[in-house]
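Asks:
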Amino acid sequence: MAEKKQMKIAWRILDLIVGGLFIYAGILKIIDPIQFARDIDNYKIVPWSLGVRFAFYLPWLEIFCGLALVFRRLYQGGLSILAALTAIFITASLIAKTRGIDISCGCFGHVSKNFSFSWHIALDFAIFAALIALWFGVKYEPGAGHQS
Amino acid sequence: MIARALRQAALLVVLAFVPAIGEAIYFRDKVPWQTRLTSDETVDVDLARSWGEGALWVDARPDHEFEANHIPGAVPLNEDRWNELLPQFLAQWSPEKKIVVYCSAASCNLAEDVARRLRNEAKLPNDIRVLQGGWEEWQKKSR
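In order, the protein sequence lines correspond to chains A and B.
Sequential numbering of the first sequence, starting at 96, is according to our numbering.
Sequential numbering of the second sequence, starting at 22, is according to our numbering.
1) Rounded to a whole number of angstroms, what is the C-alpha to C-alpha distance between His91 (chain B) and Glu117 (chain B)?
2) Pick out whichever of B:His85, B:Glu74, B:Trp54 has its Cα sitting closest to the Cα of Ser144 (chain A).
3) Does the beta carbon of Phe87 (chain B) sit closer than 8 angstroms to a beta carbon anywhere in chain A?
4) What is the DSSP secondary structure of Glu86 (chain B), counted as helix, strand or coil?
5) Tell me whether Ser175 (chain A) is buried or exposed, calling it buried when 16 or more other Cβ atoms sit within 10 Å of its Cβ.
6) Going along the chain, which residues of its own chain have a beta-carbon closer than 6 angstroms to the beta-carbon of Asp80 (chain B), five neighbours each way excluded?
7) Is Thr181 (chain A) closer than 8 angstroms to Ile222 (chain A) when the C-beta atoms are compared?
8) Check Tyr246 (chain A) in the structure and name its three-state DSSP category.
9) What residues are listed by DSSP as bridge partners for Pro93 (chain B)?
10) Does chain A have any CB closer than 8 angstroms to the CB of Ala37 (chain B)?
11) Which residues in the same chain as Gln113 (chain B) place their Cβ atom closer than 6 angstroms to its Cβ, once the five residues preceding and following it in sequence are excluded?
12) Which stretch, first to last residue, makes up the alpha helix (DSSP H) that contains Ala76 (chain B)?
13) Quick one: is Val165 (chain A) buried, meaning 16 or more other Cβ sit within 10 Å of its Cβ, or exposed?
14) In this structure, does DSSP put Leu145 (chain B) in helix, strand or coil?
15) State yes or no: is the C-beta of Asp61 (chain B) within less than 8 angstroms of the C-beta of Pro83 (chain B)?
16) What's the gap between the Cα of Glu98 (chain A) and the Cα of Ile46 (chain B)?
17) By a C-beta neighbour count over all protein chains shown, 10 Å radius and 16 as the cutoff for buried, is Trp156 (chain B) buried or exposed?
18) From what residue to what residue does the beta strand (DSSP E) around Tyr138 (chain A) run?
19) Compute the distance between the beta-carbons of Leu156 (chain A) and Ala31 (chain B), then report whether it is under 8 angstroms.
20) Short of 7 angstroms Cβ to Cβ, which residues in the region 122-152 of chain B face chain A?
21) Would Ala30 (chain B) pass as an interface residue toward chain A - the criterion being a Cβ-Cβ separation below 8 angstroms?
22) Taking 8 angstroms as the threshold (beta carbon to beta carbon), is Trp106 (chain A) in contact with chain B?
23) Distance, Cα to Cα, Gly114 (chain A) vs Ile23 (chain B)?
24) Could you tell me whether any Cβ in chain B is nearer than 8 angstroms to the Cβ of Asp136 (chain A)?
25) Cβ atoms of Val147 (chain A) and Val52 (chain B): under 8 angstroms apart, would you say?
26) Step through the CB atoms of chain B and report whether any lies within less than 8 angstroms of the CB of Phe210 (chain A).
27) In the DSSP assignment, find the beta strand (DSSP E) that holds Val39 (chain B) and state where it starts and stops.
28) Please check if any C-beta of chain A sits within less than 8 angstroms of the C-beta of Arg49 (chain B).
29) Check the DSSP bridge columns for Arg150 (chain B) and list the partner residues they point to.
30) Starting from the C-beta of Leu58 (chain B), find all residues in its chain whose C-beta is less than 8 angstroms away, skip the five residues before and the five after it, and write them out in chain order.
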């Protein structure tokens, strides 16, 4: 019983860390949407006119999904979106790298500008793994994550 | 579980539109919606021509395109041969001149990349602009 409670606390802490991370990243992008639009454009995957629209939309989606994890409301939806966004970002980064594009994702503002490509990818895989772990953690935890 | 996740995801996707649209309306006059450059980083053909001798034209296209034709008086400076061409460019450069960089058309990014390198790497203090519509627009206006 005590072990079950400890596991629940551990999952909750992971929720807060991952959710908080996405809320933080979203706020940084909302503050400077033009810079984020440039970061998206650097991947050379979508035209500027579309990328700039994504730059206004994606940070809010990140924040709403982050809040879903923190408050455990619309939880599974939030997890699914964040996992999909992270997977898309990892794929886009790898494609950009193979095309020889030197990208700076700017995901976490100026702090991440100094990250190497390897650090970016390692961090993204860690976040993706945490999201997948949360998904299965909730799946096998009776009664959890059922709120909507 | 998957059906519920999809329903919740759809709701979050829709909810995020509300503040995003609000933010876009707030920033509507500050954002370059069609190109990644702001209005003070570009110049149209007519204005650039009016600068006359006060402008130094820089051709950021590949060598073969420059050799085929270019704006009269333009200096070639592309990223492929940056180190070789930069000294030639600097020989014609002066601090009071406006620098107008162009590439093939509105869709190319070469001019923007060269303009950024002139600002950030060469640390030039000049007013450096990218020509709107590039060589294609110049040709249209010259007919």
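Note that CB positions come from ideal geometry on N, CA and C, so glycine has one too.
Replies: Well, looking at it:
1) 23 angstroms
2) B:Trp54
3) no
4) helix
5) buried
6) Phe87, His91, Ala95, Pro97
7) yes
8) Limits of chain A in this structure are 96 at one end and 243 at the other, which puts residue 246 (chain A) out of reach.
9) DSSP lists no partner for Pro93 (chain B).
10) yes
11) Val96
12) Where Ala76 (chain B) is concerned, there is no enclosing alpha helix (DSSP H), although the beta strand (DSSP E) it sits in stretches over 76-80.
13) buried
14) coil
15) no
16) 51 angstroms
17) buried
18) First-last for Tyr138 (chain A): undefined, no H or E at that position.
19) no
20) none
21) yes
22) no
23) 20 angstroms
24) yes
25) yes
26) no
27) It is not in any beta strand (DSSP E) - Val39 (chain B) instead sits in the alpha helix (DSSP H) that spans 23-47.
28) no
29) B:Val121
30) Glu133, Val151
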